[in-house]
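>
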Amino acid sequence: MASSRNGAVNVQVILRCRPLSKEEVVNGTHQVITCNERAREVTVSQNVGGKQLGRSFHFDKVFDPDSGQAKLYRMAIKPIVEEVLEGFNCTIFAYGQTGTGKTYTMEGGPRNNGEVNSEELSEEAGVIPRAIHQIFSILDENDAEYTVKCSFLELYNEETTDLLAVGDAVDQKLKMLEDNGRVVVQGLEEIIVKNKLDIYALLDRGSAKRRTAETLLNKQSSRSHSVFCVTVHMREVSAEGEEVIKTGKLYLVDLAGSENVNRSGAVDARAKEAGLINKSLLTLGRVITALVEKSPHVPYRDSKLTRLLRDSLGGRTKTCVIATIAPTVQCQEETLSTLDYAHRAK
Ligand code: ADP
Ligand code: MG
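Counting along the sequence shown from 1, when you hit position 191 you're at 190 in numbering that gives the first Met the number 0, and nothing is skipped either side.
What follows is the structure, given as structure tokens:
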């Protein structure tokens, strides 16, 4: 799938399998997943008519349950963030069934006070804080003039809410407007981040808001997409004394649980809701397939999520889909559909 930047599509699909939880270990849960990192292959063992069969899937990278946050970041995400600092737009998605580690991968494990006050990343810090750290480290090293801005929004039922809004704006649904082919979310809060540590306050603010909205509306975050966006404006002076201005944008997307894609037989409100989420996830799959196949028509307009991400998918951008799975036999069927979906994106 690797391709050069000369207008070629660059979509990377990686697979991460979470470890068994303490509870699953205690219960002696049966595991059905084998990861082979070197062969970049994951195998699901299935018992068919008393016979043990294995179905294997190949990805650009595979991370087994022992692979920590730092390793995944270094091997899969770091090169993408370097592109952003060269002035390109990139998108990273976490895709998978609820409970397989999408939020863990993007945001990280539980944070403690020591961590939010320390310049050092904790072992469990996820892609978002690591990306912010890398961005500030490189910018400070390069002695550039820069501004880093972050926004954080949620898409639920094809409606957009600002996860960083305060005061009267808290419950407002935001409109997406098209401006010269670019999509702008009207009134979306963009917060200037001054240093590495600011990121934790933003993540906490967003997560708290997500939780409140969940309780109030009696919904689950597993059915919404959250989109964290980092925009970096840089001004440098080249060796020839010329001023160079670059802007790079990074979208970090924690997608709705993929189980909604397959669930059938839902009724009424649930059906509508599931249908809409279906639409965003299915459209995303189609958009990625169209980009990979260099199809003349890319159906960006078919869902809010793909409209929003349009300037960071395709063209001179890099996209990474992190498909997350659980190793347990209970999740086997959902795991197979995640692997099928993610594999289609390749
Ligand atoms: P999702 O966002 O996909 O619903 P979560 O990120 O909430 O899933 O993960 C479910 C649980 O599994 C959480 O308790 C999380 O801390 C844990 N977990 C997920 N992935 C990992 C991992 N790679 N290593 C350790 N714990 C993990
Ligand atoms: Mg989650």
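Cβ coordinates follow ideal geometry from the N, Cα and C atoms, glycine included. The model shown is predicted, which means the values in this text are computed figures rather than measured ones.
Using DSSP bridges, identify the partner residues of A124.
Counting from 1 along the sequence shown, the entry for residue 124 is found at position 125. In DSSP, A124 forms a bridge with G107.
> What's the C-alpha gap between V165 and S302?
Here the question's residue 165 lines up with position 166 in the sequence shown. Here the question's residue 302 lines up with position 303 in the sequence shown. For V165 and S302, the distance between alpha carbons rounds to 27 Å.
> Measure the Cβ-Cβ separation of P295 and T282 and say whether it is below 8 Å.
Mapped onto the sequence shown, residue 295 falls at position 296. Mapped onto the sequence shown, residue 282 falls at position 283. A distance of 8 Å or more separates the beta carbons of P295 and T282.
> When the Cβ atoms of the segment 183-196 are set against those of the segment 97-113, are three or more pairs found closer than 8 Å?
no
> With a CB to CB cut of under 8 Å and the five nearest residues on each side skipped, what residues in its chain are close to G264?
Residue 264 sits at position 265 when you count from the first residue of the sequence shown. Bear in mind that the predicted position of G264 carries a pLDDT of just 32, short of 50, making it unreliable; the figure below should be weighed with that in mind. Hits under 8 Å: none found.
> Work out the CA separation of G49 and Q331 for me, nearest whole Å.
Locating residue 331 in the sequence shown gives position 332, counting from the first residue. Locating residue 49 in the sequence shown gives position 50, counting from the first residue. Taking the straight line from one Cα to the other gives about 16 Å.
> At 4 residues or longer, what runs of the alpha helix (DSSP H) sit wholly inside the segment 161-223?
197-216
> Let me confirm a value: A69 is counted as buried when at least 16 other C-beta atoms fall within 10 Å, else exposed. Which label applies?
Taking the sequence shown and counting its residues from 1, the one referred to as residue 69 is at position 70. Exposed is the call here.
> Using beta-carbon positions only, say whether F87 and R315 come within less than 8 Å of one another.
Along the sequence shown, read from residue 1 onward, the residue named residue 87 stands at position 88. Along the sequence shown, read from residue 1 onward, the residue named residue 315 stands at position 316. In this structure, R315 lies closer than 8 Å to F87 by Cβ.
> Note down the Cα distance separating G180 from R37, rounded to an integer number of angstroms.
Counted from its first residue, the sequence shown places residue 180 at position 181. Counted from its first residue, the sequence shown places residue 37 at position 38. So the two alpha carbons sit approximately 42 Å from each other.
> What are the boundary residues of the beta strand (DSSP E) that I321 is part of?
Taking the sequence shown and counting its residues from 1, one reaches residue 321 at position 322. First-last of the beta strand (DSSP E) with I321: K317 to I324.
> I want to know whether the segment 169-189 touches the segment 242-259 - three or more CB-CB distances under 8 Å.
no
> For a quick check, are the C-beta atoms of V229 and L154 less than 8 Å apart?
Against the sequence shown, residue 229 aligns to sequence position 230. Against the sequence shown, residue 154 aligns to sequence position 155. Contact flag unset, no.
> Which residues in the same chain as T288 place their Cβ atom closer than 7 Å to its Cβ, once the five residues preceding and following it in sequence are excluded?
Taking the sequence shown and counting its residues from 1, one reaches residue 288 at position 289. Non-local beta-carbon contacts of T288 in its own chain, meaning distances under 7 Å to residues more than five positions away in sequence, involve R343 and A344 in chain order.
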